[in-house]
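Undergrad: Handing you a structure now.
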Amino acid sequence: MQVQSREETQTRTAVTELPSETTTPAKVVPVTSGVTRWLIAILDPIGRHLLMPFYFRRLQVTGQENLPKRGPVILAPTHRSRWDGLVMAYAAGKPVIGRDLRFMVSQDEIKGLQGWFIRRMGGFPVNTKHPTIGTIRHSVEILRSGGVLVMFPEGNIFRHGRINPLKPGMARIALQVASSQPESDLKIVPISICYSEPVPHWRCDAKVSIGTPLNVVDYCTQSGKKSAQQLTNDLEVAMNNLDQD
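With my numbering, letter number 134 in the sequence shown gets 386, and the count goes up by one each step, no holes.
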């Protein structure tokens, strides 16, 4: 992602991006996300070299060669803990791939001081039960501009250690981008995050397994509903395979 000249970069979605019959433009609340350069420059080294090695006894990452260095990408990790966002930044953040990450985060987490930090480190809110048009449009805009978007396709945290049935929203967003910009070569990268304990505690182990990307344009040959279902199914299989390694 190209670094902007100003300290904080933001992406704002246009109201005209999605079909008007879904809702009226006047009712759509724009969603934005940004990356504050000076804050990232301070916090990333602290997290990467101090916090993560101190908290986890062992943090293993495999498959980083599967992370695309260019073009639009959705990173699709399992969701096991509130540590997952920090673990993703450690395993696939800018020091690894040279690109900023944008995170779709539950709106319940973007409150108070924590929310202030999340918004300035690439996060933007989503209602996991009823995603707003503004959130969907912003996700589409990030990908259309060639960005890297982190989405947790299970929707919520599940500590039972199994892949929960995936939500269809990720596939729908991906197919919308791929069908309108097939040349963009949008990819979805399945990722498994596993901890040695259901609730990660100090000095537990963590393992991140990054799988082979799925080419979204390959799923644009069927009807929208069938394509979304097939893409969701294939992603779930890929995540399950990683989770069992």
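Note that beta-carbon positions come from the ideal geometry of N, C-alpha and C, so glycine has one too.
Please read these numbers as outputs of a predicted model, since none were measured by experiment.
Could you pull out every unbroken beta strand (DSSP E) segment of at least 3 residues lying fully inside the region 361-415, listed in chain order?
TA: Complete beta strand (DSSP E) runs here, min 3: 375-378, 400-402.
Undergrad: Looking at GLY374: is its Cβ nearer than 7 Å to the Cβ of SER475?
TA: Taking the first residue of the sequence shown as 1, we reach residue 374 at position 122. Taking the first residue of the sequence shown as 1, we reach residue 475 at position 223. Not in contact: GLY374 and SER475 (Cβ atoms no closer than 7 Å).
Undergrad: According to the Cβ coordinates, are ALA430 and CYS472 closer than 7 Å?
TA: Position 178 of the sequence shown holds residue 430. Position 220 of the sequence shown holds residue 472. Yes, the pair counts as a contact, with Cβ atoms nearer than the cut-off.
Undergrad: How should PHE306 be labelled, buried or exposed, when 16 other C-beta atoms within 10 angstroms of its C-beta is the threshold for buried?
TA: As a working note, residue 306 is residue 54 in the sequence shown. PHE306 is exposed by the Cβ-count criterion.
Undergrad: Three or more beta-carbon pairs under 8 Å between the region 439-457 and the region 326-335, yes or no?
TA: Yes, the region 439-457 touches the region 326-335.
Undergrad: Just tell me which of ALA341, GLU406, ALA490, SER461 has its CA closest to the CA of LEU295.
TA: Your numbering for residue 295 matches position 43 in the sequence shown. Nearest C-alpha to LEU295: ALA341.
Undergrad: Is DSSP giving GLN481 helix, strand or coil here?
TA: Counted from its first residue, the sequence shown places residue 481 at position 229. Helix at GLN481.
Undergrad: In angstroms with no decimal places, state the Cα-to-Cα distance between HIS382 and GLY407.
TA: Numbered from 1 along the sequence shown, position 130 holds the residue referred to as residue 382. Numbered from 1 along the sequence shown, position 155 holds the residue referred to as residue 407. Those two C-alpha atoms are separated by around 11 Å.
Undergrad: Count the other C-beta atoms from every protein chain shown that fall within 10 angstroms of the C-beta of VAL281, then say buried if there are 16 or more, exposed otherwise.
TA: Working through the sequence shown from its first residue, we reach residue 281 at position 29. The residue in question, VAL281, is exposed, as its Cβ has fewer than 16 Cβ neighbours within 10 Å.
Undergrad: Mapping the DSSP letters down to three states, classify ARG309 as helix, strand or coil.
TA: Taking the first residue of the sequence shown as 1, we reach residue 309 at position 57. Here ARG309 sits in coil by DSSP.
Undergrad: For LEU302, count the other beta carbons within 10 Å of its own beta carbon; 16 or more makes it buried, fewer makes it exposed. Which is it?
TA: As a working mapping, residue 302 is identified with position 50 in the sequence shown. Classification for LEU302: exposed.
Undergrad: In or out: SER272 buried (at least 16 other Cβ within 10 Å) or exposed?
TA: To locate residue 272, count along the sequence shown from 1; it is residue 20. Caution applies to SER272, whose pLDDT of 40 falls short of 50 and renders its modelled position unreliable; the model cannot decide the point.
Undergrad: Quick one: Cα of ILE415 to Cα of PRO297, how far?
TA: As a position in the sequence shown, residue 415 is number 163, starting the count at 1. As a position in the sequence shown, residue 297 is number 45, starting the count at 1. Their Cα atoms are separated by approximately 31 Å.
Undergrad: Roughly how far, in whole angstroms, is the beta-carbon of MET356 from the beta-carbon of VAL378, given that I think they are within contact range, below 8 Å?
TA: On the sequence shown, position 104 is the one that residue 356 refers to. On the sequence shown, position 126 is the one that residue 378 refers to. Between VAL378 and MET356 the Cβ distance is about 5 Å, and since that is below 8 Å, they are a contact.
Undergrad: Report the three-state DSSP secondary structure of ASP352 (helix, strand or coil).
TA: Working through the sequence shown from its first residue, we reach residue 352 at position 100. Three-state DSSP puts ASP352 in coil, outside helix and strand.
Undergrad: Taking the CB atoms as reference points, tell me whether ASP497 and ARG310 lie closer together than 7 Å.
TA: Here the question's residue 497 lines up with position 245 in the sequence shown. Here the question's residue 310 lines up with position 58 in the sequence shown. No, Cβ-Cβ distance for ASP497 and ARG310 is not below 7 Å.
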